[in-house]
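Residue numbers (my numbering): 565 to 817.
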């Protein structure tokens, strides 16, 4: 290991004199985003022998995640990352807990696609089991504001406040995969601090709960009392049961 570390250090010192080491240096720094200084302090290294000789390959503790790319065009001259390709086809994915960052990205995508065309459909695929009420409301308000039709599709697991987003799609265009699960529940929250502060936070939590129930009532046509009854405890639904409650319109076969 001492020999490997010494070789890795000498690699950085000889990048200006040895063409092979210089190519490796430029590959790691320019193409893979590795800073030049950490090249001397890699935590693990391995050597392999090729026709050109010994090459020192290094790995950082946290390698950057590089999105898959798709080659387009007749001669594959146009390269686009996966997210960019999906947006070109007006597809948005919600695949993690909905926080402020996820909400901003989703809202920006909706507004951008709506500005490009108010007639072409936007497809929103949802696999999310929870989310911040305020972040979810920002997405719901945007979905109501845009003029382009929005098709929502549930896959995997959709639960908590994310169900409101699923139900908020354009009526007739809300779907679920055959084996997806949809879970209704009360909005989660907590309170701490002085007695007055706890009362304030509890009041706000109740207001948020009623607002989320109203969103779901508007989307499904059910009364808020029925929505409150269905969400009283964790309520797991099959796609057919979700169709019966008006959360979705059909099942993808």
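For each residue, glycine too, the CB sits at the ideal point set by N, CA and C.
Three-state secondary structure assigned by DSSP to residue i
i	result
residue 814	strand
residue 782	helix
residue 645	strand
residue 797	coil
residue 741	coil
residue 729	helix
Chain-order list of residues whose beta-carbon lies under 8 Å from that of residue i (same chain, five-residue window excluded)
i	result
residue 518	The chain is shown from 565 up to 817; residue 518 falls before or after that span and cannot be answered.
residue 809	784, 786, 794 and 801
residue 651	673, 676 and 677
residue 752	694 and 724
residue 769	751, 753 and 755
residue 742	803, 815, 816 and 817
Cβ distance (whole Å) where residue i is taken to contact residue j below 8 Å
i	j	result
residue 699	residue 666	7 Å
residue 715	residue 671	Actually they do not touch by this definition, with Cβ atoms about 17 Å apart.
residue 815	residue 719	That pair is no contact at about 11 Å.
residue 696	residue 653	With a Cβ gap of about 28 Å, residue 696 and residue 653 do not count as contacting.
residue 717	residue 746	That pair is no contact at about 12 Å.
With 16 other Cβ atoms within 10 Å as the buried cut-off, status of residue i
i	result
residue 766	exposed
residue 797	exposed
residue 757	exposed
residue 771	exposed
residue 764	exposed
residue 730	buried
residue 709	exposed
residue 679	exposed
residue 803	buried
residue 744	buried
residue 668	exposed
residue 806	buried
residue 759	exposed
Boundaries of the alpha helix (DSSP H) in which residue i is found, first to last residue
i	result
residue 654	Per DSSP, residue 654 belongs to no alpha helix (DSSP H) and is neither H nor E.
residue 706	697-709
residue 788	788-794
residue 678	664-680
residue 808	803-809
Proximal residues to residue i (C-beta, below 7 Å), its chain only, five neighbours per side dropped
i	result
residue 736	813
residue 791	777, 780 and 781
Cutoff 6 Å; reference residue i; Cβ partners in own chain excluding five residues on either side
i	result
residue 659	691
residue 550	Residue 550 falls outside the range modelled here, since the chain spans only 565 to 817, and no answer is possible.
residue 711	682
residue 755	762, 765 and 766
residue 706	671 and 674
Unbroken beta strand (DSSP E) run spanning residue i, endpoints
i	result
residue 718	714-718
residue 690	686-690
residue 733	Per DSSP, residue 733 belongs to no beta strand (DSSP E) and is neither H nor E.
residue 723	721-723
Chain C contact for residue i (CB, 8 Å cutoff)
i	result
residue 772	Any reference to chain C falls outside this structure, which holds one protein chain only.
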